[in-house]
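Right, one structure below, let's go through it.
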Ligand code: GDP
Ligand code: MG
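In this note's numbering, the protein residues as written are 13 to 457.
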């Protein structure tokens with residue numbers, strides 16, 4: 013905890029001393045054939061938000077309609093040349109492409125544009141790197157960054173990265189450097205290939221041991237039979253804010269994308285005093301490369317393991333539907349799309365008329381404002397209700413010397429009926445599946 017605060021303070025100090033924003037120009041190709049949910053304009057506007065989150069100033073953008081991106085320069089030759097001319101009048105340090113570039117496309121473009129060229133993936137990784145607070149998060153970011161950079165370490169791109177990387181003290185979380193070349197292992201990013209490969213296998217082993225630890229924690233939880241509710245949702249939808257008000261935890265919430273990288277798990281109490289674990293997760297985003305998803309597997313396993321997903325939707329965002337559909341797509345890729353889900357339609361405080369929220373579009377939806385504490389009781393009740401249906405119906409008669417089991421049923425389960433009978437306490441209700449074993453012997457039909 014203290015460790016994290018120090019880092020935060022250092023980071024704030026460094027941010028305020030940063031003199032100038034990097035000037036970034038954004039580029040996208042609009043492929044007619046693309047079956048993406050997102051329009052190129054919306055995707056580009058999101059790329060702009062990402063760029064600003066990373067600390068850049070967006071100075072312009074360009075869209076080219078092309079059936080297929082050019083193999084050598086992504087943009088067509090003409091438009092690429094046009095961009096090189098623009099650099100002389102507009103002046104930019106950085107060009108950010110909305111799709112992943114191949115290493116050779118990136119090299120060719122840097123040579124042609126005489127500016128640093130990065131893609132959406134590098135930008136997302138950069139923001140991840142700025143927001144990785146725990147050891148685990150930093151390991152995962154470093155791995156993803158090294159894997160991304162390995163095939164790109166050649167010729168001019170390496171030189172430019174080196175220039176941009178400059179000299180910085182190691183291990184401060186990579187603030188203050190140039191966008192795209194900051195990160196937990198940034199000094200190591202300048203190592204040669206062989207050493208990078210070595211570091212990659214080291215990181216894989218460390219991450220594997222983190223996964224093992226998590227597995228132990230999960231087994232422990234299963235033994236406690238606490239239902240786990242994972243907060244999921246598009247980045248910036250308000251997950252951490254909601255997590256904070258539900259758990260009164262001090263989890264960093266800021267109006268930037270990807271403020272959360274490491275899941276944090278806390279107890280919450282639902283109506284009827286039912287107890288559950290709530291776990292905050294990394295934000296989802298469109299065009300999240302599968303390689304990146306793999307690097308964050310240890311974290312995402314919390315989602316796979318959850319009993320219930322609490323999806324937070326920024327209901328006032330113009331792309332709310334696309335964002336939610338993207339979340340579902342990623343959940344499908346994790347095989348977690350079929351889990352019971354409750355949807356918090358967040359930020360209704362920003363609507364003039366909250367009655368205009370259409371709850372029919374989302375499963376078990378409750379309009380809320382995490383910030384203004386509106387609708388939170390209704391949301392808790394909805395979570396309790398859906399959790400109850402994901403539990404097993406049980407009827408037991410517990411002998412009077414088993415008061416600990418009566419207490420357990422009340423605390424971890426959902427009591428629908430209770431009677432004090434001659435032979436013991438009769439309880440009817442629902443219990444988390446993992447807990448049913450303790451009650452089997454007292455089952456009553
Ligand atoms: P996360 O990326 O999903 O974890 O989102 P955060 O919890 O960090 O919130 C992102 C931004 O949305 C922050 O600026 C929050 O203050 C803001 N926010 C969260 N909930 C609400 C809400 O109910 N109303 C409004 N107006 N803003 C909110
Ligand atoms: Mg967050």
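Backbone N, C-alpha and C fix where the C-beta goes; we use that ideal spot for every residue, glycine too.
Name, in chain order, the residues that DSSP records as bridge partners for residue i.
i	result
residue 246	296
residue 74	39
residue 378	356
residue 438	409 and 431
residue 82	86
residue 222	Looking at the DSSP assignment, residue 222 forms no beta bridge with any residue, so it has no partner.
residue 241	290 and 320
residue 69	35
residue 426	442
residue 106	36 and 128
residue 455	408
Applying the 10 Å Cβ sphere with the 16-neighbour rule, what's the burial state of residue i?
i	result
residue 231	exposed
residue 100	exposed
residue 83	exposed
residue 161	buried
residue 412	exposed
residue 133	buried
residue 250	buried
residue 444	buried
residue 414	buried
residue 205	exposed
residue 426	buried
residue 283	exposed
residue 227	exposed
residue 285	exposed
residue 375	exposed
residue 8	With the chain covering 13 to 457 only, the question about residue 8 has no answer from this structure.
residue 394	buried
residue 207	exposed
residue 51	exposed
residue 152	buried
residue 295	buried
residue 387	buried
residue 239	buried
residue 309	exposed
residue 147	exposed
residue 186	With a pLDDT of only 39 at residue 186, under 50, the local geometry of the prediction cannot be trusted, and the value read off the model is given with reservation. It is buried - the Cβ of residue 186 has at least 16 other Cβ atoms within 10 Å.
residue 16	For residue 16, the predicted model reports a pLDDT of 43, less than 50, meaning its position is unreliable and no value from the coordinates is stated.
Terminal residues of the continuous beta strand (DSSP E) containing residue i?
i	result
residue 90	Element bounds for residue 90: not the beta strand (DSSP E) but the alpha helix (DSSP H), 89-102.
residue 276	276-281
residue 408	404-410
Let me check understanding here. Comparing Cα to Cα, which of the options lies closest to residue i?
i	options	result
residue 53	429, 34, 73 and 214	73
residue 245	425, 455 and 336	336
residue 352	104, 328, 316 and 362	316
residue 104	320, 436 and 68	68
residue 438	456, 452 and 450	456
residue 124	399, 140, 88 and 330	88
residue 189	33, 365, 373 and 360	33
residue 333	297, 348 and 426	297
residue 136	302, 330 and 331	302
residue 255	48, 434, 288 and 224	288
residue 77	44, 435 and 94	44
residue 407	430, 290 and 299	430
residue 86	114, 348 and 48	114
residue 419	399, 402 and 447	447
residue 60	110, 403, 95 and 41	110
residue 95	80, 79 and 71	71
residue 416	405, 451 and 435	451
residue 164	191, 130, 142 and 147	130
residue 79	40, 64 and 97	40
residue 345	306, 42 and 98	306
residue 36	364, 422, 65 and 342	65
residue 339	383, 279, 243 and 401	243
Could you tell me the boundaries of the alpha helix (DSSP H) in which residue i lies?
i	result
residue 390	388-401
residue 194	Counting along the chain, residue 194 falls outside any alpha helix (DSSP H), and DSSP gives it neither H nor E.
residue 63	52-65
residue 258	251-259
State yes or no: is the beta carbon of residue i nearer than 8 Å to at least one beta carbon in chain C?
i	result
residue 112	Of the protein chains in this structure there is only one, and it is not chain C.
- Message: To test your reading of the DSSP string, which unbroken alpha helix (DSSP H) runs of 4 or more residues are found completely within the region 310-347?
- Response: 332-345
- Query: Which ranges does the alpha helix (DSSP H) cover as unbroken runs of at least 4 residues, wholly within the region 110-148, from first to last along the chain?
  - Reply: Note on the region 110-148: whole alpha helix (DSSP H) runs with a minimum of 4 residues are 115-125 and 132-143, in chain order.
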